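Here's the structure, in structure tokens; my notes come after.
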Amino acid sequence: MPGFDTEFDVLVIGAGACGLAAALRAAEGGASVAMVEKLDRLAGNSMVSSGSVPGAGTRFQREAGLADDPQAFIEDLLRISGPHEAEALTHRLASISAPLVEWLVDVAGARMTLITAYRHIGHRIERLHGPPSRRGRDLVDDLHAATERAGIPLALATRATRLVEDGQGGVAGAELQDRRGETTRIGARSVILATNGFGASRELIARFCPEMADALYFGAQGSEGEAIHWGEALGAGLANMGAYQAHASVADPHGALVTWTVPEKGGIVVDAQGARFGDESLGYSAFAALETARGGPVFAIYDARIRDFTASRQEEFAELVAHGGAPEDADLASLAARRGLDAATLAQTLAEAGAAAQGAQDRFGRTAWGLAPLCPPYVSTRIRPALFHTQGGLMVDGDARVLRPDGSAVPGLYAGGGAAAGISGMAGGAGYVSGNGLLAALGLGWLAGTHAARLGR
Ligand SMILES: Cc1cc2nc3c(=O)[nH]c(=O)nc-3n(C[C@H](O)[C@H](O)[C@H](O)COP(=O)(O)OP(=O)(O)OC[C@H]3O[C@@H](n4cnc5c(N)ncnc54)[C@H](O)[C@@H]3O)c2cc1C
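Heads up: take any position in the sequence shown, counting from 1, add 93, and you land on our numbering.
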């Protein structure tokens with residue numbers, strides 16, 4: 094098409110997990126590929142994530158003696174998400190999850206191992222694979238290095254400002270603006286939207302997830318929802334728009350993540366009086382809504398064994414500990430005094446939780462207690478809930494092609510990761526299972542890159 098400054102087979106907008114995987118896969122398939130990223134460095138949600146990616150039936154699971162398969166994974170996902178508008182994606186992503194993880198290790202050179210030290214809530218078996226550091230940064234760095242080895246150009250500080258239409262209902266490229274404000278038009282047979290969701294857009298959060306309008310936002314600032322605006326203008330369908338990943342434990346005031354491994358290993362969460370108010374094994378995303386409803390300060394209560402176990406495996410948590418975010422007390426009375434809790438209530442709470450951990454009925458229904466009963470020295474961290482990322486987005490098919498409400502594809506347009514519909518239910522944070530974010534990012538990126546390279550248009 095005339096009027097383009099330059100042309101590629103595939104243009105990838107956004108250089109997070111989705112964009113990097115899409116670009117690498119498209120190049121592997123023989124396409125000429127370019128990536129643009131609006132920030133001046135790689136700093137999307139994938140960078141701040143824990144980098145944990147589910148794979149059901151990987152060789153790493155088999156080597157660990159674990160029998161898993163996509164059907165079990167699908168059942169786990171749908172049990173937590175409930176019915177939703179993109180269930181075909183649940184099936185598709187679960188079915189490619191094992192080859193995806195193996196591709197990340199074998200082709201992309203990602204430093205990933207099966208996480209066996211603990212089992213994430215919602216997964217019946219250990220199936221999350223991640224960097225040993227538990228930092229998404231390592232995963233992104235490895236993917237980025239692989240795209241560099243493949244010779245794929247990446248323009249940083251270059252924002253896609255609009256899609257260029259082909260005059261027949263499809264997409265033929267994008268208009269970009271660099272850091273000097275200069276505009277370039279790039280033509281492409283296929284444009285892959287890897288721009289993540291809309292967590293940083295107050296306007297879109299108020300429209301689609303109004304209950305989170307006042308929540309602390311803990312995701313990347315680049316998630317401004319351009320894909321939603323562009324897709325709507327092209328008549329694309331949206332799905333699962335009310336769903337998101339929340340997290341119940343951002344350390345307050347440190348602003349660091351208290352990994353949910355802490356409750357999974359036996360910790361509890363109490364309110365300003367020192368009383369529990371829910372089943373922590375619901376998971377970090379679902380539990381965040383209970384904290385929001387409870388209001389006031391909330392605290393994670395655990396012990397030195399759990400703190401040290403977790404710190405030895407998770408760097409970000411270890412940093413929080415080093416910065417004084419997980420102080421210990423010799424007994425419950427001192428902990429209550431430190432945190433301004435009612436000592437008698439806290440003692441009662443610990444006694445009840447300890448009994449439940451030893452087989453008594455828990456009044457909130459928790460049955461998994463890790464290392465509990467807790468024992469001295471006790472440890473506490475003040476925590477607060479936050480919005481991590483949105484899970485709704487453009488409706489896509491099993492090749493990540495953007496669909497209109499009538500099921501037809503918008504020619505030349507793909508979406509993945511937070512830009513596309515997620516698999517975490519239709520509304521709220523309770524349908525999110527650990528790994529759903531990166532599975533949709535890497536999985537749909539992988540599928541989009543595969544299809545764009547093979548068929549183009
Ligand atoms: C603290 C935290 C921990 C998490 N841990 C996990 C985990 O362990 N496992 C898991 O599965 N999920 C996790 N998630 C969710 C996960 O990070 C996201 O679902 C996933 O990273 C989304 O990947 P993405 O490639 O779609 O987006 P991103 O990684 O955010 O990449 C999108 C990129 O597009 C760029 N961009 C946006 N608009 C434009 C534009 N107009 N032009 C050019 N560039 C643009 C952005 O700047 C950004 O760099 C976590 C999230 C948070 C916040």
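A virtual CB, placed ideally from N, CA and C, is assigned to each residue, including glycine.
Just so we're clear, the structure is a prediction, and the values are computed from it rather than from any experiment.
Apart from the five residues just before and just after residue i, which ones in its own chain have a Cβ nearer than 6 Å to its Cβ?
i	result
ALA127	PHE101, LEU104 and PRO246
ARG118	TRP539, GLY542 and THR543
ARG432	PHE392 and SER473
GLU421	ALA397, PRO470 and VAL472
PRO163	ALA149, ALA187 and SER188
VAL198	MET205
THR249	According to the sequence as given, residue 249 is Leu; it is not Thr. GLU130 and ASP133.
TRP323	LEU256
THR385	PRO478
GLU455	According to the sequence provided, residue 455 is Asp. The question's Glu does not apply to it. Taken in chain order, the residues that qualify are ALA449.
Ignore the nearest five residues each way along the sequence and tell me which others in residue i's own chain have a CB closer than 7 Å to its CB.
i	result
SER316	ASN138, ASN289, GLY290, PHE291, GLY292, ALA293, HIS482 and GLY511
GLY148	SER190, ALA191, LEU193, VAL194, ARG220 and HIS222
ASP364	PHE370, ARG387, GLY389 and VAL391
GLY96	ARG278
GLN314	ALA293
GLY280	MET94, PHE97, GLU100, ALA265 and GLY266
GLY367	ALA429, LEU434, ASP435, THR438, LEU439 and THR442
ILE208	SER145, GLU219, LEU221, HIS222 and GLY223
ILE235	According to the sequence displayed, residue 235 carries Asp and not Ile. So the list reads ALA201, GLY202, ALA203 and ARG204, once near-sequence residues are dropped.
PHE457	ARG369, GLY371 and ASP372
ALA124	ASP102, VAL103, ALA545 and ALA546
LEU383	PHE370 and GLY371
ALA423	PRO469 and PRO470
Compute the beta-carbon to beta-carbon distance between residue i and residue j, rounded to the nearest angstrom, for a pair I have assumed lies under 8 Å.
i	j	result
ILE285	ALA541	5 Å
LEU218	LEU159	Residue identity check: residue 218 is Ile in the sequence provided, not Leu. Confirmed, about 6 Å.
TYR507	ARG494	6 Å
GLY150	ASP161	5 Å
ASP231	ARG272	Wrong, their Cβ atoms sit about 27 Å apart, outside the cutoff.
TYR377	SER342	6 Å
MET488	GLY330	4 Å
PHE311	LEU480	7 Å
GLY528	VAL146	6 Å
LEU413	VAL351	7 Å
HIS340	ALA381	6 Å
ILE516	SER142	Actually they are not in contact, since the Cβ atoms of ILE516 and SER142 sit about 16 Å apart, beyond 8 Å.
PHE301	GLY485	6 Å
ALA287	ALA115	6 Å
ALA513	ALA533	7 Å
GLY418	ALA344	5 Å
VAL526	HIS216	7 Å
Is the shortest distance between the beta-carbon of residue i and the beta-carbons of chain D less than 8 Å?
i	result
GLU219	The structure shown has no chain D; it contains just one protein chain.
Below 8 Å CB to CB, which residues in the same chain sit around residue i once its five sequence neighbours on both sides are set aside?
i	result
GLU408	SER226, ARG227 and ARG228
ARG550	Here ARG550 scores only 41 on pLDDT, less than 50, and its place in the model should not be relied on; the value that follows carries that caveat. The answer, listed in chain order, is GLY263, ARG282, SER283, PRO504 and GLY505.
SER374	ILE214, PRO356, GLU357, ARG459, THR460 and ALA461
GLY556	Lying before the first or after the last residue shown, residue 556 is absent from the chain, which here runs from 94 to 550.
ARG406	ALA210, ARG227 and THR354
ARG400	VAL355, VAL414, ALA419, GLU421 and VAL472
VAL171	Sequence check: residue 171 is Leu here, not Val. Hits under 8 Å: GLU180 and THR183.
ASP259	MET94, ALA265, PRO504 and GLY505
May I ask you to check if the CB of residue i is nearer than 7 Å to at least one heavy atom of ligand 3?
i	result
SER188	As for ligand 3, it is missing from this structure, which binds only ligand 1.
Query raised in the report: Taking the runs of the alpha helix (DSSP H) that are 4 residues or longer, which of them lie wholly in the stretch 107 to 170?
Result: 110 to 121, 138 to 141 and 152 to 156
Query - Secondary structure, alpha helix (DSSP H): runs of 4+ residues fully inside the stretch 358 to 402 - result: 377 to 387
Query raised in the report: Is the stretch 352 to 360 in contact with the stretch 388 to 399, if contact means three or more CB pairs nearer than 8 Å?
Result: yes
Report task. Please determine if the stretch 466 to 473 and the stretch 444 to 452 are in contact, where contact requires at least 3 C-beta pairs separated by less than 8 Å. Result -> yes
Query - the stretch 296 to 307 / the stretch 265 to 282 touching (three or more Cβ pairs under 8 Å) - result: Counting C-beta pairs closer than 8 Å gives fewer than three between the stretch 296 to 307 and the stretch 265 to 282, which falls short of the contact rule.
**Report entry** Complete alpha helix (DSSP H) runs within the stretch 183 to 243 (minimum length 4 residues, chain order)
**Finding:** 229 to 242
Query raised in the report: What are the complete alpha helix (DSSP H) segments, minimum 4 residues, inside the stretch 444 to 488?
Result: none
Report task. Check whether the stretch 514 to 529 touches the stretch 317 to 336, taking contact to mean three or more Cβ pairs, one atom from each stretch, closer than 8 Å. Result -> yes
Query - Segments assigned alpha helix (DSSP H), at least 4 residues, entirely inside the stretch 297 to 336 - result: The DSSP assignment places 319 to 326 as complete runs of the alpha helix (DSSP H) inside the stretch 297 to 336, in order along the chain (cut-off: 4 residues).
Query raised in the report: In chain order, which continuous runs of the beta strand (DSSP E) of length 3 or greater are located wholly inside the stretch 479 to 537?
Result: 494 to 496 and 502 to 508
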